[in-house]
Each structure stands twice: as structure tokens, then as C-alpha cells.
Amino acid sequence: AQSVTQLDSQVPVFEEAPVELRCNYSSSVSVYLFWYVQYPNQGLQLLLKYLSGSTLVKGINGFEAEFNKSQTSFHLRKPSVHISDTAEYFCAVSDVQGAQKLVFGQGTRLTINP
Amino acid sequence: ETGVTQTPRHLVMGMTNKKSLKCEQHLGHNAMYWYKQSAKKPLELMFVYSLEERVENNSVPSRFSPECPNSSHLFLHLHTLQPEDSALYLCASSQDRQARQPQHFGDGTRLSIL
């Protein structure tokens, strides 16, 4: 079985500052990795995904994430955040083999201060 | 813009009421999901349907009853709910159940049990 740990429940940053949201996973098999974003009063929206190939994955809204197999991590980064990035961010994993079953972390609330 | 539409957006009901949540996807997907999102907890997968057949039921109490009449529509019938069932209920869909397929979420129904 897989599990996901998002190390920070809340991350406050100033506008135009860089940000990193941390995600570590545990799995005995190969996994696919996803980051989703949830804006207030909305559902989850896919930011980016890692399936295979290059370990650096670029997503929407200027976000990117790097898959590190040895550290079982998939941290999300953005070099300069905007007020509109205020949201909750979820990391998720899915076993490569078998039918899709996303396992989510508990989420990180990103707050951007002016 | 969302390809997955959920109604109603908000629902308040007493413990003895019967109500239904509706989800419709306009993406031509073959798999649909119900999730429960409670504060301070990771998303909990409740039910999975693939080609209108229920393929997963994650130990959900019988007071929640799903229905999938066709690949575009998914319902969650509610009866005799408990206060701890108050949460955001999210519907999602994916092209199929391959692990690499991302899920597309609706904006959810905020359910409050009096």
C-alpha cells in the first residue's frame, strides 16, 4: 500500500517570493505522482504529473516538481508566487500496476501575503 | 470551467431526511468516483464506477448508496445520515482506470447534517 506525507500543513510566503511544498511518499512498487490544487470553494485541479522520463516536470501556472526516487520525494516549486496562488495543494500517488487508485496527502495550505 | 458538474453545491439536511447528490461529466470518460473531504483529513475514496459497474466500495456505510445509470451520470443517495457525515463530497472522472490517467474533479457538494 502507498502513503503520502505532506510535511507542512500551512506555508505562508510573501508575494513574488519562491516557494517549495514538500511531498514524500512510501511505496513498495513503482508509482505515478500527481499534484492537485484546490482553490476556495472549488474542486481539485491537476497541476502536473510524473509518469516517466525526465524527473523535472513542468505544470500549469508556472509550477514545477522534481521526482527524486532515492529520497521518495516529489516536491512542488514555484520561483515567484502571486496572490492568486493562495490555495490548498495536494500530492497524490498511484500504483503503476493495477487499476488507478489515488492516495492523497493531507494537503498544504499556501497563503500568499502582499 | 469544469467538465464535471455537481449539484447541489450546498445541502443542509436533518438526520432523518433522504436526499441525493448528482454528478454529471461532459468529458466522455468511462470511470467515475465519489470522494469525501473532511477538514484535517486526506481525501477519502468512497466508490468507483467503471463503465457503469461499481468496482470499488471502500467500506462505506450503507446509509450512502451510489448509482450510475450511464457513463455520464453518478448519484449518491443519502439517508439517515449522522453529524460526522458533514463534509465536502467530490465527484471525479477519468478516461479509464489506467493508473496514469489524471482525474477531473467537480466543485463538490458541501453537506451539513443538522
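First to last, the protein sequences are chains F and G.
Numbering (the working numbering) for the first sequence: -15 to 98.
Numbering (the working numbering) for the second sequence: 2 to 115.
Virtual Cβ for every residue (Gly too), placed ideally from N, Cα, C.
Given the structure is predicted, the values throughout are model-derived calculations rather than measurements.
Rounded C-alpha distance that separates residue i from residue j
| i | j | result |
| --- | --- | --- |
| T92 (chain F) | P98 (chain F) | 19 Å |
| E2 (chain G) | S10 (chain F) | Caution is warranted here: a pLDDT of 49 is assigned to E2 (chain G), below 50, making its placement in the model unreliable, and the coordinate value is therefore given only provisionally. For E2 (chain G) and S10 (chain F), the distance between alpha carbons rounds to 34 Å. |
| S39 (chain G) | R61 (chain F) | 26 Å |
| L28 (chain F) | K23 (chain G) | 17 Å |
| V15 (chain F) | K19 (chain G) | 40 Å |
| E4 (chain F) | H105 (chain G) | 24 Å |
| D16 (chain G) | Q55 (chain F) | In the sequence as displayed, the identity of residue 16 (chain G) is Met instead of Asp. M16 (chain G) and Q55 (chain F): Cα-Cα distance of roughly 47 Å. |
| G82 (chain F) | Q99 (chain G) | 7 Å |
| Q22 (chain F) | C7 (chain F) | 16 Å |
| I114 (chain G) | P62 (chain G) | 16 Å |
| Y34 (chain G) | S64 (chain F) | 34 Å |
| R55 (chain G) | E68 (chain G) | 9 Å |
| Q7 (chain G) | L46 (chain G) | 17 Å |
| S60 (chain G) | S78 (chain F) | 20 Å |
| F58 (chain F) | G43 (chain F) | 13 Å |
| N58 (chain G) | K85 (chain F) | 12 Å |
| T95 (chain F) | H66 (chain F) | 10 Å |
| L30 (chain F) | P(-4) (chain F) | 22 Å |
| P2 (chain F) | R101 (chain G) | 29 Å |
| E85 (chain G) | L28 (chain G) | 32 Å |
| F1 (chain G) | V49 (chain G) | Residue 1 (chain G) lies beyond the stretch modelled for chain G, which goes from 2 to 115, so this question has no answer here. |
| P24 (chain F) | D108 (chain G) | 10 Å |
| P9 (chain G) | Q26 (chain F) | 13 Å |
| E(-1) (chain F) | D69 (chain F) | 9 Å |
| Q26 (chain G) | F18 (chain F) | 21 Å |
| Y20 (chain F) | S21 (chain G) | 27 Å |
| G37 (chain F) | R64 (chain G) | 44 Å |
| Q96 (chain G) | Q(-6) (chain F) | 33 Å |
| Q83 (chain G) | Q(-10) (chain F) | 30 Å |
| V13 (chain F) | V80 (chain F) | 8 Å |
| G46 (chain F) | K53 (chain F) | 23 Å |
| S72 (chain G) | D(-8) (chain F) | 38 Å |
Beta-carbon spacing of residue i, residue j below 8 Å
| i | j | result |
| --- | --- | --- |
| V5 (chain G) | A88 (chain G) | no |
| H78 (chain G) | S66 (chain G) | yes |
| E48 (chain F) | L35 (chain F) | no |
| V(-12) (chain F) | A76 (chain F) | yes |
| L112 (chain G) | Y36 (chain G) | no |
| L12 (chain G) | T110 (chain G) | yes |
| P70 (chain G) | K33 (chain F) | no |
| F51 (chain F) | F74 (chain F) | no |
Whole-number beta carbon distance between residue j and residue i, since they are thought to touch under 8 Å
| i | j | result |
| --- | --- | --- |
| L52 (chain G) | N31 (chain G) | 5 Å |
| Q90 (chain F) | K42 (chain G) | 7 Å |
Beta bridge counterpart(s) of residue i as assigned by DSSP
| i | result |
| --- | --- |
| Q99 (chain G) | F:A83 |
| H80 (chain G) | G:K19 |
| F88 (chain F) | F:A76 |
| S94 (chain G) | G:M33 and G:H105 |
| H11 (chain G) | G:R111 |
| Q(-6) (chain F) | F:R93 |
| L44 (chain G) | DSSP output for L44 (chain G) lists no bridge partner at all. |
| N71 (chain G) | G:H74 |
| V61 (chain G) | Partner(s): none; V61 (chain G) has no beta bridge. |
Taking only runs of the beta strand (DSSP E) that begin and end inside the stretch -3 to 85 of chain F, which ones reach a length of at least 3 residues, in chain order? 3 to 5, 8 to 10, 15 to 22, 28 to 34, 40 to 42, 48 to 52, 57 to 62 and 71 to 79
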